[in-house]
Amino acid sequence: MTARLLIDAGNTRLKWRLDAEDGPRVAGCLVHRDRPLAEALAELPDALARPSAIWCGSVAGSHFDTALDAALRARWSLSPIFVQATAAAGGIVSAYAEPARMGVDRWLAMIGARARTRRACCVIDAGTAVTVDALAADGRHLGGTILPGLQLMRTALYGNTRRIPAGPVPATPAGLGRDTAACVAAGVRHAVVGGITGSVQSAGAGAGEGLHCLLTGGDGAFLAPLLPFAVELVPDLVLDGLARLAGSAGA
32 MTARLLIDAG
42 NTRLKWRLDA
52 EDGPRVAGCL
62 VHRDRPLAEA
72 LAELPDALAR
82 PSAIWCGSVA
92 GSHFDTALDA
102 ALRARWSLSP
112 IFVQATAAAG
122 GIVSAYAEPA
132 RMGVDRWLAM
142 IGARARTRRA
152 CCVIDAGTAV
162 TVDALAADGR
172 HLGGTILPGL
182 QLMRTALYGN
192 TRRIPAGPVP
202 ATPAGLGRDT
212 AACVAAGVRH
222 AVVGGITGSV
232 QSAGAGAGEG
242 LHCLLTGGDG
252 AFLAPLLPFA
262 VELVPDLVLD
272 GLARLAGSAG
282 A
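For the sequence shown, the numbering used here gives the first residue as 32, with consecutive numbering after it.
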């Protein structure tokens, strides 16, 4: 049985999915930030079948990638195929003069989006960083924006000010806060929502038509109801793009 293990390694989380030819998909997510990778990978199910191939899109850095490679070889005697952004793949043509310098998560999310729709679209990935990328109907990447995500923005604020103490994040969104923690949460939320909204407006102007917006990433579900426009929430968009690349390679 052909079973392909797909890994989306971000700065905080590692998402994985086993796509089996003759069986149901098995998937999960684990947090690897601020703890040993071996401890995080211990959360992979013991009964997880040995894959025939492992494909990985990682933005977690070279040290992480080396450790991940060693851990997977130790478990299955199999090294992952680490994907990089290229000039063109999966129906997408990069806008970058140096395509390999694009974060592979953005590249894979766009490939995943292209597999879902042939319309002009905007791909929003809300993770540690928030990225917004515009695609024309013919698959041309029109460019994008990158801004700090919710937690990164909070951390920067707490870490660089003396009179704003870290506090719990209020569970209920509010327009304005009435204590410092709520004020920080409201300000960060407005900044991220405003940054995404402005980026989508710029993308629409560049595409010259209405955009279908796809939203993914760890904070996607939280941000979706706060955005002033309709979005399609696709939690596994990066993994979908990785699956498309792996499928086209026949591995």
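Note that CB positions come from ideal geometry on N, CA and C, so glycine has one too.
Because the structure is a prediction, the values reported are computed rather than measured.
- Sixteen is the threshold: since fewer than 16 other Cβ atoms of the shown chains lie within 10 Å of the Cβ of G241, the residue is exposed.
- Note that the C-beta distance between I227 and I155 is below 8 Å.
- The alpha-carbon of E52 is positioned some 27 Å away from that of A119.
- Beta-carbon to beta-carbon, V231 and F260 are separated by about 7 Å, close enough to satisfy the 8 Å threshold.
- Distances from the CA of R193 to each of T211, M133, R48 and A157 were compared; the closest alpha carbon is that of T211.
- Within the same chain, I85, L109, S110 and P111 come within 8 Å of L103 by CB-CB distance, once the 5 residues on both sides are set aside.
- In this structure, the CA atom of A71 is about 29 Å from the CA atom of R220.
- Annotated three-state conformation of S89 is strand, per DSSP.
- Counting the other CB atoms within 10 Å of its CB gives D39 a total of 16 or more, which places it among the buried residues.
- Residue pairing of L245 in beta bridges, as defined by DSSP: V154 and E263.
- Contact annotation: W107 and P82 have beta-carbon atoms nearer than 8 Å.
- Nearest in C-alpha terms to A146, of all of R137, A131, T162 and I123, is I123.
- By the C-beta criterion, the segment 47-63 is judged not to be in contact with the segment 162-181, since fewer than 3 inter-stretch pairs fall below 8 Å.
- Secondary structure note for D271: its alpha helix (DSSP H) is the uninterrupted segment L268 to A280.
- In chain order, L188, Y189, T211 and V215 place their CB closer than 7 Å to the CB of I195, counting only its own chain and leaving out the 5 sequence neighbours on each side.
- Beta-bridge partners assigned by DSSP to I195: none are found.
- V90 and R209 have their alpha carbons spaced roughly 37 Å apart.
- Under the three-state reduction of DSSP output, H221 falls in the helix class.
- DSSP places A78 outside both helix and strand once states are collapsed to three, so it counts as coil.
- Our two residues, A128 and V135, have alpha carbons roughly 15 Å apart in a direct line.
- Beyond the five residues adjoining it in sequence on each side, D96 comes within less than 7 Å, by CB distance, of S89 and F113 in the same chain, given in chain order.
- The C-alpha of D169 lies about 43 Å from the C-alpha of A69.
- In the structure shown, P179 falls within a strand segment according to DSSP collapsed to helix, strand and coil.
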